[in-house]
Each structure stands twice: as C-alpha cells, then as structure tokens.
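Presented below is the structure to which this report refers.
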Amino acid sequence: MGQRSPIMPLDSRLTDVIGLIDTILNDFGGRADIYAVAQHMDADLDDIIPNLNAAIYLGFIKVDNGDVAVTELGVKFLNSKIPERRRMLRDLISSIEPFKTAIEIGRSEPFPLDKLITALVNKGYSEFKAPGIRDLLTVLLSEWGAYAGLIKKRGDEYIIV
Numbered sequence: 441m442g443q444r445s446p447i448m449p450l451d452s453r454l455t456d457v458i459g460l461i462d463t464i465l466n467d468f469g470g471r472a473d474i475y476a477v478a479q480h481m482d483a484d485l486d487d488i489i490p491n492l493n494a495a496i497y498l499g500f501i502k503v504d505n506g507d508v509a510v511t512e513l514g515v516k517f518l519n520s521k522i523p524e525r526r527r528m529l530r531d532l533i534s535s536i537e538p539f540k541t542a543i544e545i546g547r548s549e550p551f552p553l554d555k556l557i558t559a560l561v562n563k564g565y566s567e568f569k570a571p572g573i574r575d576l577l578t579v580l581l582s583e584w585g586a587y588a589g590l591i592k593k594r595g596d597e598y599i600i601v
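For the sequence shown, my numbering gives the first residue as 441, with consecutive numbering after it.
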C-alpha cells in the first residue's frame with residue numbers, strides 16, 4: 441500500500457472554509473490565533489477544526505508558530521471570480537480523498553456510492569466504515585464536487601465530468 445492521500449474532513453463545508461479564510465484575511469490581516477478566530481466567529485473550536493483542516497489540505501491556510509495564516513494561494517482563491525475558484529478547487533481536490541478515488545473509479549462509467557466506499561476501504565481508509573458515512577459522503581461529494589465541476593449526481597449514481 442502506497443502513501444495515503446489526505447482525506448477531506450467529512451464534516452467540512454465549502455462555504456465555511458471560504459468564510460474562515462475570509463475572516464482570517466480580512467478581519468485579522470491574514471494571520472491569527474485560531475482561538476481568537478473561533479471567538480470572533482462566535483463558534484466552538486471543535487466546529488472550526490474540520491474547516492481549518494480542509495483549508496490546510498487545500499493549501500489556503502498554513503500553521504506557523506501556533507498561528508494560522510492565509511497563504512498566497514488562499515488570497516488568490518478569495519480574490520478570484522467564481523469560474524476561476526471552481527477551476528482551482530477542481531485541481532486541488534483531485535488529489536484529496538474521497539475525490540481522488542471517485543475520479544479513479546468513475547473515469548469509465550458512473551458509480552454508486554457503495555462502490556466508492558468499498559474502494560476507499562480496500563485502500564485502507566477505515567474511516568469510511570464509520571456509521572453514517574453514506575450521508576457524510578453524499579453531502580461532501582454533492583457540495584465540493586459539484587461546486588468544482590468535478591462530480592454530478594444522476595439518480596443513485598455519480599458521474600465524473
């Protein structure tokens with residue numbers, strides 16, 4: 441088994457990731473203590489962590505000396521128009537699970553969610569055995585994949601576009 445690809449936090453939400461980056465950049469000048477950001481956003485740190493991790497995996501935020509800082513890529517993403525954001529996001533999520541495996545199995549034909557779950561588990565991602573995984577994956581694929589123009593859903597199957 442090769443090196444594991446990062447896994448998009450299943451409870452991260454695209455709009456929350458964008459809001460987090462925007463808050464750090466525009467309300468804190470691009471760098472802040474994550475606890476201060478959570479307090480400013482009137483949110484629990486536990487609620488912010490999945491979105492922070494997603495932003496880190498995408499390269500929009502980095503952790504530096506205990507603070508979080510928006511990267512050049514994060515600034516570029518925020519300042520881009522929607523079509524450019526979609527293109528950037530498509531390129532970035534293609535190397536992050538479960539999107540990476542969805543692309544691999546969906547290259548030639550549409551696939552049901554169970555096929556994706558089985559492929560991920562077979563790659564050693566035991567996280568995808570968790571109860572409720574179907575609902576979390578459905579939201580993740582629909583939200584992130586659709587925004588990026590990577591995945592469409594038709595009936596019970598997903599299509600890589």
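Ideal Cβ placement from N, Cα and C applies to all residues, glycine included.
For the beta strand (DSSP E) containing residue i, name the first residue and the last one.
i: Arg453; result: Premise fails: Arg453 is in no beta strand (DSSP E) and is neither H nor E.
i: Ile600; result: 597-600
i: Ile474; result: Element bounds for Ile474: not the beta strand (DSSP E) but the alpha helix (DSSP H), 474-480.
i: Ile591; result: 591-594
Ends of the alpha helix (DSSP H) at residue i?
i: Arg574; result: 573-580
Exposed or buried, which one is residue i when buried takes at least 16 other CB atoms within 10 Å?
i: Ile488; result: buried
i: Tyr475; result: exposed
i: Thr541; result: buried
i: Pro538; result: buried
i: Val503; result: exposed
i: Asn466; result: exposed
i: Met441; result: Model confidence at Met441 stands at a pLDDT of 48, short of 50, so the residue's coordinates are unreliable and nothing is read from them.
i: Gly589; result: exposed
i: Phe562; result: Note on residue identity: the sequence assigns Asn, not Phe, to residue 562. The residue is exposed, with fewer than 16 neighbouring Cβ atoms inside 10 Å.
i: Gly546; result: buried
i: Gly491; result: According to the sequence displayed, residue 491 carries Asn and not Gly. Buried, because 16 or more other Cβ atoms sit within 10 Å of the Cβ of Asn491.
i: Asp456; result: buried
With which residues is residue i paired in a DSSP beta bridge?
i: Ile461; result: In the DSSP output, where bridge partners are listed per residue, Ile461 has none listed.
i: Arg471; result: Ala509
Is residue i close to chain D? Criterion is C-beta to C-beta, closer than 8 Å.
i: Phe539; result: The structure shown has no chain D; it contains just one protein chain.
Run the proximity test for residue i: is its beta-carbon closer than 7 Å to any non-hydrogen atom belonging to the ligand GDP?
i: Arg530; result: Among the components modelled here there is no ligand, and therefore nothing to report on the ligand GDP.
Those runs of the beta strand (DSSP E) which lie wholly inside the region 483-571 and span at least 3 residues: As for any beta strand (DSSP E) of minimum length 3 sitting wholly inside the region 483-571, the runs are 501-504, 507-510, ordered along the chain.
The region 507-522 / the region 566-580 touching (three or more Cβ pairs under 8 Å): Touching, no, given that fewer than three Cβ pairs across the two stretches are closer than 8 Å.
Cβ contact check for the region 522-529 and the region 469-483: 3 or more pairs under 8 Å: By the criterion of at least three beta-carbon pairs nearer than 8 Å, the region 522-529 is not in contact with the region 469-483.
Cβ contact (3+ pairs, closer than 8 Å) linking the region 579-599 and the region 546-560: Between the region 579-599 and the region 546-560, the count of Cβ pairs shorter than 8 Å is three or higher; the stretches touch.
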